[in-house]
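Read the structure below first, then the notes.
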Ligand code: SF4
């Protein structure tokens, strides 16, 4: 077995912890969905549809309506079944979600532009023998003609110095756009609705060439790990949020030692 495609999320998993990569990308183990993830999925769908509206209709109320509609469609899917213990809990989640969506209008004025693409699903050959897949939340063309990639986050922004891992995925998106449109994007942006905060990061060919080399090294390392069936766990703060901690060999060993 060899790697067929790599996404920014799975590349990030392997960098953070090869065992986590194995659980997700090789074993395909299911993970429980949290209310925060459900909010993220629903908000992304609402924001995607929001830009189908005429510019003058892009009001907070219309965005709230789109969120309600999107949740009405998603809430019956298996992934979200039993997410809330009661209707009151679900309503409180909805109210908090509206507050976050209202923040969006502090970050940009949606009446002033029309995106070039939304939820753009790209699968591109990058470098030698690599197939990279990514779904880009939004691609815009600035008034000066340059491309900007925007990623929505429904969580709160980490301090700027800790936002580098999130930009790792966005630089891969920039690489995909360079390949797809034969144009180098001018910048990538992270929009955190909780806060709200916007981080911007300029992009150039030199950085993207370096990212391509980094991905090639990662691709090689993943294929070597698959060949040897060797995915060493890397314990750290991420373990506190990891869905697989109860079955992770690193924690099994630590618990045995403690016992
Ligand atoms: S619990 Fe920690 S070490 Fe184990 S898979 Fe998850 S992140 Fe990796």
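In our numbering, the protein residues as written are 23 to 281. Ideal Cβ placement from N, Cα and C applies to all residues, glycine included.
As computed with DSSP, residue 153 is found in a beta bridge with 147. In the three-state DSSP reduction, residue 31 falls in the helix class (H, G or I).
For residue 66, same chain residues with a beta-carbon under 7 Å away, outside a window of 5 residues either side, are 159 and 174 in chain order.
The C-beta distance from residue 195 to residue 171 rounds to 5 Å, short enough to fall under 8 Å. For residue 219, the beta-bridge partners assigned by DSSP are 214.
With a minimum length of 4 residues, the unbroken runs of alpha helix (DSSP H) contained wholly in the region 159–241 fall at 186–203.
Residue 93 and residue 57 have their C-alpha atoms spaced approximately 12 Å apart. Under the DSSP assignment, residue 126 falls in the alpha helix (DSSP H) whose first and last residues are 109–129. Remark: C-beta atoms of residue 230 and residue 206 approach each other more closely than 8 Å. Distance from the CA of residue 226 to the CA of residue 150, rounded to the nearest whole angstrom, comes to 21 Å. Here residue 156 is not near residue 216, since their CB atoms are 8 Å or more apart. The beta carbon of residue 144 sits closer than 6 Å to the beta carbons of 156, 198 and 202 from its chain, once the five residues preceding and following it are set aside; these are given in chain order.
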